[in-house]
Each structure stands twice: as C-alpha cells, then as structure tokens.
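Asker:
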Amino acid sequence: MKVLHSGDIHLGELAGPVLNGKNARMQDTLRCMEFLAEKAVEEQVDLVVVAGDLFRKSKLWADQMLTEILLAAGWLRRITLAGIPVVLLFGTHNHDNVRAFQNIKEMNIPGLTIITTPEVVTVHTQSGPIQVAGIPGFDKHQLLTDDKYRDLPPEEANRVASELLGDIVLSLGAQINQSISSVLAAHYT
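Just so you know, we're using the numbering used here here: the sequence shown kicks off at 8 and counts up by one.
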C-alpha cells in the first residue's frame with residue numbers, strides 16, 4: 008500500500024513579488040500542489056493524507072477566502088477523481104479556518120474524508136481498507152487552558168501537554184481494528 012503524506016501546504020498569498028498581476032509565491036504553492044497531484048496519480052498511490060495547515064491564514068476577507076477554498080477544493084477533487092481517496096486533517100487555528108473546512112465538506116467531494124477532531128476513520132482504497140488515526144492540529148496552549156495548568160513553568164507545561172497528547176494517541180489506538188492496516192497522522196506544534 009502506498010500513502011502520500013503531505014502537510015503545511017499553506018495555500019495563500021505571502022509577501023513577495025507579483026508577476027503578471029499574480030502573487031508569485033502563491034503561484035509557486037499552486038505549482039507544488041499540482042506536482043503532488045501528478046505524483047499521486049503517476050505513482051498510483053492508494054491514499055493521500057494532508058496533515059493540516061492546508062491554508063496559510065485562517066482570517067481573510069470573504070473574496071480571498073472563497074478563492075482559496077475553491078482552489079483547495081479543485082485540487083482535492085482532482086486527486087479523488089483519479090480514484091485516490093484523500094484524508095484531510097484540520098491544522099492549527101492560525102492557519103486553517105473552521106468555516107473553510109465546513110465549506111469544503113459541504114461540497115461533498117467523493118473520496119474526501121475530513122478530520123477536525125481526534126478520530127479513527129476507515130478509508131477504502133484500491134489495495135483494500137486502511138485506518139487513519141487522525142489528530143488535528145492544536146497547540147499546547149489550547150490543551151493547557153484549564154485553570155489548573157495556566158501558571159505552569161514551560162518545562163512542566165511541555166510535560167503535561169505530552170501526557171495529554173499521549174492519552175489521545177492511546178485512546179485512538181484502542182479504537183484500531185488490528186486486522187486492518189493503520190497509520191497515525193497528526194498536526195501538533
């Protein structure tokens with residue numbers, strides 16, 4: 008079974024040159040996305056996993072966000088139309104936008120599975136089923152918002168965050184069907 012893994016695509020305009028009226032860095036990102044889609048088809052991968060931060064910036068004006076959502080959805084659709092399922096994980100809130108992911112989900116792209124909370128999904132591929140245990144993005148500050156963690160020194164906060172993340176992984180592991188191949192995909196800072 009072949010799995011193409013990617014993440015941190017950061018689709019969006021970055022500061023930089025403008026060529027022919029278009030942001031050159033965004034055009035580079037689109038070319039990289041196209042390359043990934045071409046490679047997935049060429050290599051006949053069974054599954055593509057995008058492990059978070061599909062977008063560069065979660066807070067955008069409507070027109071720009073709509074443009075980026077449509078570009079992302081077109082790219083995802085191109086891969087799935089080639090018969091390759093895609094699992095897309097939500098990244099961190101400073102990059103991925105909950106509403107953007109909801110919009111993509113509402114497009115009902117066949118073969119696309121979106122993970123926004125820790126869960127195990129079973130995806131049917133050309134080589135058979137595979138389970139993806141997905142942990143969407145978060146940062147330790149999100150985990151440590153409880154009052155009992157608020158004033159921890161950095162080393163202790165890291166230890167507690169690692170324990171909490173470990174608990175999530177163990178919980179997902181308990182849900183895995185041992186007779187089916189599985190992968191763990193996460194976006195963790």
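Cβ atoms here follow ideal geometry from the backbone N, Cα and C, with glycine treated the same way.
Could you tell me which uninterrupted alpha helix (DSSP H) segments, each at least 4 residues in length, are contained entirely in the region 95 to 130, listed from first to last along the chain?
Answerer: 105 to 113
Asker: Using C-beta distances below 7 Å, list every residue in its chain close to SER134, excluding the 5 sequence neighbours before and after it, in chain order.
Answerer: MET8, ASP53
Asker: Taking the C-alpha atoms as reference points, what is the distance between ILE111 and GLN182?
Answerer: 27 Å
Asker: Is the CB-CB distance between ARG63 and HIS100 below 9 Å?
Answerer: no
Asker: Taking ILE5 as the reference, give the member of ILE142, ASN30, THR132 with the closest Cα.
Answerer: This structure cannot speak to residue 5, because the chain is shown only from 8 to 196.
Asker: Report back the beta-carbon spacing between PRO136 and ILE187 to the nearest angstrom; my notes put them in contact at under 8 Å.
Answerer: Correct: roughly 5 Å between the Cβ atoms.
Asker: What distance in whole Å lies between the Cβ atoms of VAL56 and VAL127, which are believed to be in contact at a cut-off of 8 Å?
Answerer: Actually they are not in contact, since the Cβ atoms of VAL127 and VAL56 sit about 13 Å apart, beyond 8 Å.
Asker: Count the CB pairs spanning the region 77 to 94 and the region 113 to 124 that are closer than 8 Å, and state whether there are at least three.
Answerer: Verdict: yes, contact present.
Asker: Taking all protein chains shown into account, do 16 or more other C-beta atoms lie within 10 angstroms of the C-beta of PHE145, making it buried, or fewer, making it exposed?
Answerer: buried
Asker: When the Cα of LEU73 is compared with those of ARG32, ARG85, GLN109, CYS39, which residue comes out closest?
Answerer: GLN109
Asker: Going by C-alpha to C-alpha distance, which of THR87, ALA22, ASP35 sits closest to VAL130?
Answerer: Closest in alpha carbon position to VAL130, among THR87, ALA22, ASP35, is THR87.
Asker: Compute the beta-carbon to beta-carbon distance between ALA47 and LEU61, rounded to the nearest angstrom, for a pair I have assumed lies under 8 Å.
Answerer: Incorrect: roughly 15 Å between the Cβ atoms, too far for contact.
Asker: Tell me the DSSP secondary structure of PRO161 in three-state form.
Answerer: helix
Asker: Ignore the nearest five residues each way along the sequence and tell me which others in ASN30's own chain have a CB closer than 6 Å to its CB.
Answerer: Within the same chain, ASN30 has close Cβ partners GLU20.
Asker: Just the C-alpha distance for ARG106 and ILE122, rounded to the nearest angstrom, thanks.
Answerer: 14 Å
Asker: Run through DSSP, which three-state label would ALA58 get?
Answerer: Reduced to three states, the DSSP call for ALA58 is strand.
Asker: Taking a contact to mean a Cβ-Cβ separation below 9 Å, would you say ASP15 touches ALA58 in this structure?
Answerer: Yes, these two residues count as a Cβ contact at 9 Å.
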